[in-house]
Amino acid sequence: MSVGATLAATGLGLAMLGWLTTTDPKRRRAFARPPANWPAPKAAWVVVALTGALATYWSGPAGFVLWLGGTTAVGWALIALPPDRGLEAALPWIERHIGRAADAARPRIAAVRQRLGRGSSWRQWLAHARPGAARPLSDRALAARIAALEAELAALRAELDQRREESDAVLLDLAGRRRQALER
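Using the working numbering, read the sequence shown as starting at 87 and increasing by one per residue.
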């Protein structure tokens with residue numbers, strides 16, 4: 087199970103639920119807030135559901151249960167808070183910090199894109215992103231790995247031959263002693 091993937095999926099799902107909480111028309115009317123001029127929430131609901139699917143893909147059933155529990159518990163807490171004490175009050179602070187995090191992540195994202203290559207398909211990317219997935223070796227690295235394994239195999243064969251000779255010598259010695267003992 088990948089804890090990081092589960093936490094990332096839960097965090098993204100909660101961020102989308104927070105956004106849905108602040109833009110919900112019924113909630114805004116109930117608290118005498120002006121209507122939000124943001125787009126329809128269908129995309130946010132899709133992202134929330136997608137984070138659950140990704141938590142399941144990367145972390146298995148346990149990741150899905152953790153995502154479901156975290157999203158449900160914190161989602162209810164988000165809804166229970168009134169807007170002046172809840173997410174809307176913290177929205178400017180959150181936007182500032184998300185902007186900083188995005189700025190800090192840009193070089194890392196560029197490095198990953200460069201390492202994966204522009205022509206990589208999303209399936210190749212997911213194969214690399216899955217925890218424990220084997221990464222394909224380049225031709226040079228593969229040839230070097232094969233040469234190292236062949237050298238190790240040759241050393242083991244030489245050691246085996248040496249031990250066989252030693253064991254043959256011990257057996258001959260024991261056979262000779264037995265013969266001497268029988269002749270007496």
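From the three backbone atoms N, C-alpha and C, an ideal C-beta is built for every residue, glycine too. Computed from a predicted model, the values in this text were never measured in an experiment.
query: Based on Cα-Cα distance, which residue from Lys-128, Asn-123, Arg-265, Asp-110 lies nearest to Pro-168?
result: Position 82 of the sequence shown, counted from the start, is the residue given in the question as residue 168. Answer by Cα proximity: Asp-110.
query: For Leu-228, does the count of other Cβ atoms within 10 angstroms reach 16, so buried, or fall short, so exposed?
result: Here residue 228 refers to the residue found at position 142 when the sequence shown is read from its first residue. Burial call: exposed.
Segment contact, 8 Å Cβ cut-off, at least three pairs: the stretch 119-132 with the stretch 152-163: no
message: Judging by CA-CA distance, which residue of Pro-121, Trp-105, Gly-104 is the nearest neighbour of Lys-112?
response: For this step, residue 112 is matched to residue 26 along the sequence shown. Among Pro-121, Trp-105, Gly-104, the Cα nearest to that of Lys-112 is on Pro-121.
Neighbourhood of Ala-95 by C-beta, 6 Å cutoff - its chain only, sequence neighbours within 5 removed: In the sequence shown, counting from the first residue as 1, residue 95 sits at position 9. Hits under 6 Å: Thr-137, Leu-140, Ala-141, Trp-153.
Thr-107 and Ile-165 closer than 8 Å at C-beta: Mapped onto the sequence shown, residue 107 falls at position 21. Mapped onto the sequence shown, residue 165 falls at position 79. Taking 8 Å as the Cβ cut-off, Thr-107 and Ile-165 qualify as a contacting pair.
field: Euclidean distance between Cα positions of Arg-249 and Ala-240
entry: Position 163 of the sequence shown holds residue 249. Position 154 of the sequence shown holds residue 240. C-alpha separation (whole angstroms): 14 Å.
field: Alpha-carbon spacing of Gln-200 relative to Arg-192, whole angstroms
entry: Taking the first residue of the sequence shown as position 1, residue 200 is located at position 114. Taking the first residue of the sequence shown as position 1, residue 192 is located at position 106. Taking the straight line from one Cα to the other gives about 12 Å.
query: Who are the near neighbours of Phe-150 in its chain, counting only those whose CB is closer than 7 Å to its CB and skipping five residues on each side?
result: On the sequence shown, residue 150 is found 64 positions in, with the first residue counted as 1. The beta carbon of Phe-150 sits closer than 7 Å to the beta carbons of Gly-138, Ala-141, Thr-142 from its chain, once the five residues preceding and following it are set aside; these are given in chain order.
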